[in-house]
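Residues in the sequence shown are numbered from 3 upward in steps of one, following my numbering.
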Amino acid sequence: MNNKKKNEGQTDFSYYGLYLLDYLRTNRFEQASDDAFIRERADRAAETYERVRLEGYPPEGAQELAMDTLLRGLRYSKYAILREVVENEFANEVPEKKREAFIRKLLPPVGNVFSAYDLSDDNFALSPEYDLLYTELTGAAVLYIDEYGV
């Protein structure tokens with residue numbers, strides 16, 4: 003019964019709302035529990051799709067613009083970036099079956115590292131700041147592993 007209550011209300015999300023909910027949950031964004039945020043984003047995406055279709059865009063192009071509207075500013079989550087660092091830099095130290103738990107343990111202690119960076123910039127991964135963040139997170143993970151292990 004708890005599960006039913008938890009998922010209640012989410013069944014009336016649109017296609018875009020369900021896509022965004024899954025994306026936010028998968029990448030551990032804080033907004034994953036914010037139904038109003040999800041609905042507003044989904045509505046904007048649907049409006050974008052309808053508007054550009056009326057302007058003559060083909061369905062594929064309209065869908066691409068709608069998805070851009072849906073995900074704008076949400077390209078990089080702290081969790082996803084940290085997961086990339088752990089998978090790339092610590093594959094030998096952190097066995098695959100322990101990675102998820104390790105990343106969840108590591109995220110709170112290294113969370114302050116993210117504060118100097120604008121993760122809402124959709125081109126963040128192409129910037130020199132991304133490389134700096136990646137390096138800082140790698141260093142923080144090394145210190146964490148040295149002190150607490152995996």
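Cβ atoms here follow ideal geometry from the backbone N, Cα and C, with glycine treated the same way.
These numbers were taken from a predicted model, which means no experiment stands behind them.
Euclidean distance between Cα positions of residue i and residue j
i: E102; j: E131; result: 25 Å
i: A127; j: D133; result: 8 Å
i: N90; j: L56; result: 44 Å
i: A64; j: E49; result: 10 Å
i: L73; j: L20; result: 13 Å
i: R53; j: F15; result: 20 Å
i: D123; j: D70; result: 13 Å
i: G75; j: L26; result: 12 Å
i: V112; j: A44; result: 31 Å
Where residue i falls: helix, strand or coil (DSSP)
i: S35; result: helix
i: L20; result: helix
i: L139; result: helix
i: L76; result: coil
i: S129; result: coil
i: F116; result: helix
i: E52; result: helix
i: N29; result: coil
i: E148; result: For clarity, residue 148 is Asp in the given sequence; the question names Glu instead. If DSSP states are grouped into helix, strand and coil, D148 belongs with the helices.
Limits of the alpha helix (DSSP H) - the one that residue i falls within
i: F104; result: 98-112
i: D70; result: 61-73
7 Å CB neighbourhood of residue i in its chain, flanking five on each side removed
i: E95; result: I147, V152
i: D120; result: F126
Own chain, CB closer than 6 Å to residue i, minus 5 neighbours either side, in chain order
i: K30; result: Sequence check: residue 30 is Arg here, not Lys. Excluding positions up to five away in sequence, the list reads S79, Y81.
i: L135; result: Y119
i: E138; result: V115
Chain D within 8 Å of residue i, Cβ atoms only
i: I40; result: In summary, chain D is missing from the structure at hand, where a single protein chain is found.
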